[in-house]
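Q:
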Amino acid sequence: MNNRIFVSIILISFSLLLTSCWSRKELNDMAIASAIGIDKSGKQYRVSVQIVVPSEVAAKQGGGYETPITLYTTTAKTIFEAVRKMTTLAPRKVYLAQLRVVVFGEAIAREGIGPALDYLARDHEIREEDLYTLIAKGNTAEDTLKVLTRLTKIPAVKMFGSLKTLNRYWAPTSVVQLSDVMFDLITENKHLAIAGIQIVGVKEQGDTKKNVEAVDPATYLQFADTAVFHDDKLIGWLNESESKGYNYITDHVNKTAGHGTCPNGGGTFAIDVIRTKTKVTGSIEDGKPRIDVAVHAEGNIADIECDIDLTQPKSIEQLQKEAGDKVSEVIKKALNKIQHEYKSDVFGFGEVLHRDTPRAWKKIKKNWNDIFPTVSVNVNSDFKIRNIGTMGNSVYQPSEE
Amino acid sequence: MPSTAKISPRQLTILAAIITVGDSILILPSIPTYEAKMDAWISAMIGLAVGLLVIQLFVTAGKLNPKLTLVELNEHIFGKWFGTTISLLFLAYGLLSISAHLREIGDFSVSQTMPDTPIEAIHILLLFIMILAVRLGLETFTRLAEIIFPWFILFFLIFTISLLPAIDINKIQPVFDNGIKPILRGSISSIAFPFMELVVLMMIFPNVNNASQIRRSMSIGALIGGIILFIIITLTILVVGAEPASRSMYPSYDLAKRINIGEFFQRIEVALALVWVLTTYFKLTVYLYVFSRGLAQILRLKDYRMLLLPTGMIIVVLTLAVAPNISFYNDYTDKYWPFLDTTFSVFLPLLLLAGYAVRKKMKSSH
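Same order as they appear, the protein sequences are chains A and B. Quick note: to get the numbering used here, add 1069 to the position in the first sequence (first position is 1). Quick note: to get the numbering used here, add 46 to the position in the second sequence (first position is 1).
1. With 9 Å as the threshold, decide whether the Cβ of B:P297 is near any Cβ in chain A.
2. When you compare the CB of A:R1196 with every CB in chain B, is at least one pair closer than 9 Å?
3. Whole angstroms are fine: how far does the CA of A:R1169 sit from the CA of A:N1308?
4. With a threshold of 16 other CB atoms inside 10 Å of the CB of A:H1193, please say whether the residue is buried or exposed.
5. Pull out every residue of the stretch 253 to 274 of chain B whose Cβ sits closer than 8 Å to any Cβ of chain A, in chain order.
6. Rank B:K406, B:T159, B:L347 and B:L58 by C-alpha distance to the C-alpha of B:R189 and give the top, closest one.
7. Residues of the stretch 75 to 98 of chain B in Cβ contact with chain A at a cutoff of 7 Å, in chain order, please.
8. Look at B:L28 and B:G401 and say whether their C-beta atoms are less than 9 Å apart.
9. Which full runs of the alpha helix (DSSP H) of 4+ residues lie inside the stretch 1162 to 1199 of chain A, going along the chain?
10. Compute the distance between the beta-carbons of A:A1366 and A:K1453, then report whether it is under 9 Å.
11. For the stretch 1418 to 1431 of chain A, list every residue whose C-beta sits within 7 Å of some C-beta in chain B, in sequence order.
12. Is A:N1447 helix, strand or coil when you go by DSSP?
13. Rounded to the nearest angstrom, what separates B:K329 and A:V1163 at their Cα positions?
14. May I ask which residues mark the beginning and end of the alpha helix (DSSP H) holding A:M1460?
15. Note down, in chain order, each residue of its chain lying with its Cβ closer than 6 Å to the Cβ of A:A1429, except the 5 sequence neighbours on either side.
16. Among the candidates B:A288, B:N253 and B:V332, whose CA atom is the shortest distance from the CA of B:G108?
17. When the Cβ atoms of the stretch 1206 to 1216 of chain A are set against those of the stretch 1096 to 1108 of chain A, are three or more pairs found closer than 8 Å?
18. What are the boundary residues of the alpha helix (DSSP H) that B:G401 is part of?
19. Mind checking whether A:T1156 and A:Y1114 have CB atoms under 9 Å apart?
20. Tell me A:S1110's beta-bridge partners as DSSP assigns them.
21. Any beta-carbon of chain B closer than 9 Å to the one on A:F1252?
22. Which runs of the alpha helix (DSSP H) spanning at least 4 residues fall entirely within the stretch 79 to 149 of chain B, listed in chain order?
23. For a test of the three-state rule: what should DSSP assign to A:N1405, helix, strand or coil?
24. How big is the Cα-Cα spacing for B:I273 and A:I1255?
25. Are at least three pairs of beta-carbons, each pair with one atom in the stretch 232 to 248 of chain B and one in the stretch 61 to 81 of chain B, less than 8 Å apart?
26. Please decide whether B:T50 counts as near chain A, where near means a Cβ-Cβ distance under 9 Å.
27. Report all residues from its chain with a CB closer than 6 Å to the CB of A:G1174; omit the five preceding and five following residues, and keep chain order.
28. Which residues of chain A have a Cβ atom closer than 7 Å to the Cβ of B:S208, listed in chain order?
29. By Cβ distance below 8 Å, which residues in the same chain neighbour A:T1221 in space, the five residues on each side in sequence not counted?
30. Helix, strand or coil for B:L355? Go by DSSP, reduced to three states.
31. What in chain A is Cβ-close to B:E414, meaning under 9 Å?
32. Count the C-beta pairs between the stretch 283 to 295 of chain B and the stretch 79 to 96 of chain B that are closer than 8 Å, then say yes if the count reaches three, no if not.
33. Assign A:G1334 to one of two classes, buried (16 or more other C-beta atoms within 10 Å of its C-beta) or exposed (fewer than that).
34. Helix, strand or coil, according to DSSP, for A:Q1381 in the structure here?
35. So, using beta-carbon positions, are B:V321 and B:F202 closer together than 9 Å?
36. Count the other C-beta atoms from every protein chain shown that fall within 10 angstroms of the C-beta of B:G225, then say buried if there are 16 or more, exposed otherwise.
Printed below as a string of structure tokens:
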């Protein structure tokens, strides 16, 4: 009898262990944040959080279209306080573990994003390993996060998705995760480059559902250019082609498209670049640091708009050379702008010299910022054309005049 | 009180491997990466080599009389008063270690996943199952370790393989950038935390049913554990990078967060953290067993089990008392703990060997 009572007490006490932990969060108590935007307003942070409205995202029949997201914006001395302050606006606690992107306004980027990063790294909910970082070009992060998008209802998911496709097929901006930003920031003598995002169209209209009702929305978001930093401060932008050059050097081009001029005058051809590999090596020549950039690229012919006989292996060779030169040209343009205009080592050449010539690096380390613009960079690109698509010679043969 | 529990050399190997990994898998990587930066993997290698030597030393001391536990050996060699004093010091070290390691688990859970949970709740829950295991005896929890070990290895392999795509070889170069000194500084904790702390197993040497195999078992176990730690530290540098790792509280947790295969196999860090909590749990259980059994031998108690609940209560308080905050905790484990480990894993065996030699000489001169 005693034994039975004892067993039942034990069994009942087990149920106490089933109440789960103190820190439990019920799904319907959370406001799931998909993007966070950080701006400055005076000396305070202005933090905007894009919250997913679950009932709008879920599949359903009928019903009117309401906005799938809502934006909470608060201002406080620190980002942490601003996020907590959102409880004054939101009925639920903001949950940050599903964040997809973090957007910095251009103004705060010019002032320096360093101080703002600490909270993002320290908070246990935020996973900096898969959080893309963006700079709102010519805008505030707040306005950027207000724009509604089509095809993908949640704008942050749209940004996340297009960044991934962008990275895979076009490579015009620098796609970086927050953890990469932090890594670059604490790596001595390597500066940051972060993708930019801009609002195209009428800014004021982007946050109404009217905007997404049209086939061709009046306001939309576009990834554009790459922000160049010196330490944690934005100092300028690279345009699309320069960004591509930057990506070639840092070996971030997976697939891209390029064009060149046909050898026998006039007309252009386009190339589908399918894989590239860049090797950057450093050496010391006559006591001066030197960088070699060797690009190996492979591609297929995608478009021929000139008179060339593709059945001849020789013409492929000519096109190969032209494509290679084009890649070198793109790279050199980016190099020129960064070395001479921005003077900020976003390529990590310092780290390359550190790896390849550790002893010499110790001497030049201190003056690296002054030496960087004068470093001679030798670009060498080797392009291989493998296929020419689903047909031989072009249907279009320009008539000779 | 001679314990009748018997474990096989194979089981000792598994225990040694699990204890080597223990809590080190969670907290160790940040210390050598802080000192030696990207050369931390060399520190880990030195740690493994020196660690294996230290193990030879205390196995030799344990073999002076393989039928006696460390506490009995102390008394046998140094006599009642001096021997008991040394044993009490050793047990105090054991108790302090339990509290410190338990605190690690508590701090980890509270800072990474459950910020609102009182740390005591985590400590008490873990202590509860530790006491449960020790009550059931050495044989039982060793068998449990035997069952869990293959799963641990499986998880570790999944972990390693899924991180291979994230490796960036540039992060480890150049080698020997800052010379040998930081590497040696970094290796101190890589020797102490995983390998020197194996000294507690001297208390269960008499329970191994084939005493001649002890040296082999200990060495192989430590080697397996050491290789796992070496891989973890190297991966930390290759994936996370030395600088961020040295700033991180739990680099291996950051490492697990990087796992992302096809946007599908991702966010598994909590599952992996559970495995690390498990290895630490085994380390803690062995410590608790060693402490209670050692104390029972000193006090000439028939059974060590009655000591478990009071010990548990002391530990609950001690885990909170070891450090007022996490910075203090990290500071004193980094700076002073390796010396505490050295005292008991190097100086104590040396003292035992010296004492034994002196006694032998005295006997032969009689």
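C-beta: ideal position from N, C-alpha, C; glycine also.
A: Answer, in terms of the structure:
1. For B:P297, the answer is no, since every Cβ of chain A falls outside 9 Å of its Cβ.
2. Output row for A:R1196: interface = yes.
3. A straight line joining the alpha-carbon of A:N1308 with that of A:R1169 spans about 25 Å.
4. It counts as exposed.
5. Cβ contacts with chain A: none found.
6. The candidate whose alpha carbon is nearest that of B:R189 is B:L58.
7. Within the stretch 75 to 98 of chain B, no residue qualifies.
8. Limits of chain B in this structure are 47 at one end and 412 at the other, which puts residue 28 of chain B out of reach.
9. Taken in chain order, the complete alpha helix (DSSP H) segments of 4 residues or longer contained in the stretch 1162 to 1199 of chain A are 1175 to 1180 and 1183 to 1191.
10. Contact flag set, yes.
11. Identification of residues in the stretch 1418 to 1431 of chain A having a C-beta nearer than 7 Å to some C-beta of chain B yields H1423, R1424 and P1427, given in sequence order.
12. Residue state, collapsed to three classes: strand.
13. Taking the straight line from one Cα to the other gives about 38 Å.
14. For A:M1460, no alpha helix (DSSP H) encloses it, and the DSSP letter there is neither H nor E.
15. Sequence-distant partners of A:A1429 (beyond 5 residues in either direction) whose C-beta falls short of 6 Å from its own C-beta, in its chain, are I1353.
16. Across the set B:A288, B:N253 and B:V332, the C-alpha of B:N253 shows the shortest separation from the C-alpha of B:G108.
17. Taking 8 Å as the limit for Cβ pairs, the verdict is that the stretch 1096 to 1108 of chain A does touch the stretch 1206 to 1216 of chain A.
18. Residues L394 to S411.
19. Their beta carbons are not under 9 Å apart, which means A:T1156 does not touch A:Y1114 by this criterion.
20. A:S1110 pairs with A:Q1113.
21. A:F1252 counts as touching chain B.
22. Restricting attention to alpha helix (DSSP H) runs no shorter than 4 residues, the stretch 79 to 149 of chain B encloses them at 86 to 108 and 116 to 124, ordered along the chain.
23. Here A:N1405 sits in helix by DSSP.
24. Going by the C-alpha atoms only, they are around 29 Å apart.
25. Remark: three or more beta-carbon pairs, one from each stretch, lie closer than 8 Å, so the stretch 232 to 248 of chain B and the stretch 61 to 81 of chain B are flagged as touching.
26. Closer than 9 Å: no.
27. The answer, listed in chain order, is D1108, A1205, T1209 and A1210.
28. Those do not exist, as B:S208 stays about 13 Å from chain A at its closest Cβ, beyond 7 Å.
29. If we look at A:T1221 and ignore the five residues flanking it on each side, its Cβ neighbours are K1227 and G1230.
30. B:L355: helix per DSSP, three-state reduction.
31. For residue 414 of chain B there is no data in the structure shown, the boundaries of chain B being 47 and 412.
32. Flag = yes, the stretch 283 to 295 of chain B and the stretch 79 to 96 of chain B touch.
33. With fewer than 16 other Cβ atoms within 10 Å, it is exposed.
34. Here A:Q1381 carries a coil assignment [DSSP, helix/strand/coil].
35. Pairing B:V321 with B:F202 gives a Cβ-Cβ distance under 9 Å.
36. Exposed is the call here.
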